[in-house]
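Protein sequences, first through last, are from chains A and B. Each residue of the first sequence is one higher than the one before, counting from 81 in the numbering used here. Each residue of the second sequence is one higher than the one before, counting from 214 in the numbering used here. Working notes for the structure below.
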Amino acid sequence: MTVTLVSVLFVAAGLTALGAFIAAWKRELTAALTGVPVMFAGAGVAFVGVARFGAASGAPLLGQEVAVLLAIAALAAVGLGVGLAGRESSR
Amino acid sequence: MDSLHAIGFYVSAALAGVGGIFLAFLHGHWHRGLALGAFGLGVAGIYASLSAAFAAIVVLVCSVGCALLVARPDYRTVEQAAAGLWRQIGAVGAALLLVALAYAAFRGRFAHATFYDGPFNTMTVARLLFAHDALATEAVAGVVLAALVGAAIAWRRERPRDEREGRR
């Protein structure tokens with residue numbers, strides 16, 4: 081059993097498509113917003129995989145760096161979305 | 214890559230996929246938070262098996278933060294105005310996206326290279342972040358700051374009705 085760049089990219093494609101599905105399918109806004117970290121994680125997996133298996137062609141840690149930045153940006157997007165949704169007002 | 218790393222990769226990918234599917238179909242704040250946490254654990258496992266331990270730690274922390282935000286019981290439910298037909302078209306579009314990306318992954322030609330880094334490369338990633346690509350790091354920090362300020366302002370604006378009436 082081994083892991084190749086193709087299998088990493090296939091997992092990344094699945095995560096990205098799953099995030100797009102969540103964002104499109106969920107009726108509630110904050111639930112649809114949870115598709116953003118999933119999509120960003122898919123992109124991050126692709127970046128890390130390319131950095132892992134294609135390290136000689138460029139900066140070897142650039143993919144990991146982009147994955148870190150994407151994770152932080154996803155957290156910021158979810159925080160902003162939940163904040164914009166606002167608190168439930170008590171009646 | 215040895216068998217242990219390969220098993221870790223595939224188990225983590227399965228955990229991330231199952232967490233994402235639960236995230237798509239479960240209802241309730243707590244359930245979604247737990248699913249997002251499981252998804253983040255799976256993605257962190259994928260990163261760790263690909264020798265990106267620092268990114269795995271950051272992704273795990275960010276996913277736990279996202280899960281805690283989503284699991285909060287007191288945010289308002291906002292329904293989207295899009296009809297069911299458009300949601301179904303979006304779901305079909307996501308499936309087409311999966312097909313296109315999977316086709317690109319299988320048919321693409323990639324260069325083979327040797328990987329020299331170890332599993333924990335925190336220093337080198339930090340050197341890249343804060344020395345080589347400091348502008349990108351500052352841009353993301355600006356996005357995070359703007360998001361936090363916007364979230365704080367938006368969160369404070371919505372007050373309970375009885376509290377608003379009590380202040381008059």
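For glycine and all other residues, C-beta sits at the position ideal for the given N, C-alpha and C.
- In this structure, the beta-carbon distance from A/T84 to A/G122 does not fall below 8 Å.
- By the Cβ rule, the region 102-115 of chain A does not count as touching the region 147-156 of chain A, because fewer than three pairs are nearer than 8 Å.
- Taking 9 Å as the upper bound on Cβ-Cβ separation, chain B lies near residues L85, V86, S87, V88, L89, F90, V91, A92, A93, G94, L95, T96, A97, L98, G99, A100, F101 and I102 of the region 85-102 of chain A.
- Per DSSP, A/E108 is not a residue of any alpha helix (DSSP H), being assigned neither H nor E.
- Rounded to the nearest angstrom, the gap between the Cα atoms of A/V130 and B/A318 is 12 Å.
- Between the alpha carbons of B/A284 and B/H244 lies a gap of roughly 8 Å.
- Inside the region 236-302 of chain B, DSSP marks whole alpha helix (DSSP H) runs of 4 or more residues at positions 242-262 and 266-283, from first to last along the chain.
- The beta-carbon of B/G278 is placed less than 8 Å from the nearest beta-carbon of chain A.
- Within chain A, the residues placing a beta-carbon under 8 Å from that of B/L249 are T114 and P117, ordered along the chain.
- At least one beta carbon of chain A lies nearer than 8 Å to the beta carbon of B/A304.
- Under the three-state reduction of DSSP, A/L141 is assigned to coil, being neither helix nor strand.
- Near chain A, meaning a CB-to-CB distance below 9 Å, the residues of the region 335-364 of chain B are T337, V338, R340, L341, L342, H345, D346, A349, T350, A352, V353, A354, V356, V357, L358, A359, A360, L361, G363 and A364.
- Per DSSP, A/M81 is not a residue of any alpha helix (DSSP H), being assigned neither H nor E.
- B/L341 is positioned such that its CB atom lies closer than 8 Å to that of A/L142.
- The C-beta distance from B/L228 to B/L263 rounds to 15 Å, too long to fall under 8 Å, and the pair is not in contact.
- Spanning the alpha carbons of B/L249 and A/V146 requires a straight line of approximately 21 Å.
- Contact check for B/S225 and B/G258: beta-carbon distance about 3 Å, within the 8 Å limit, so the pair qualifies.
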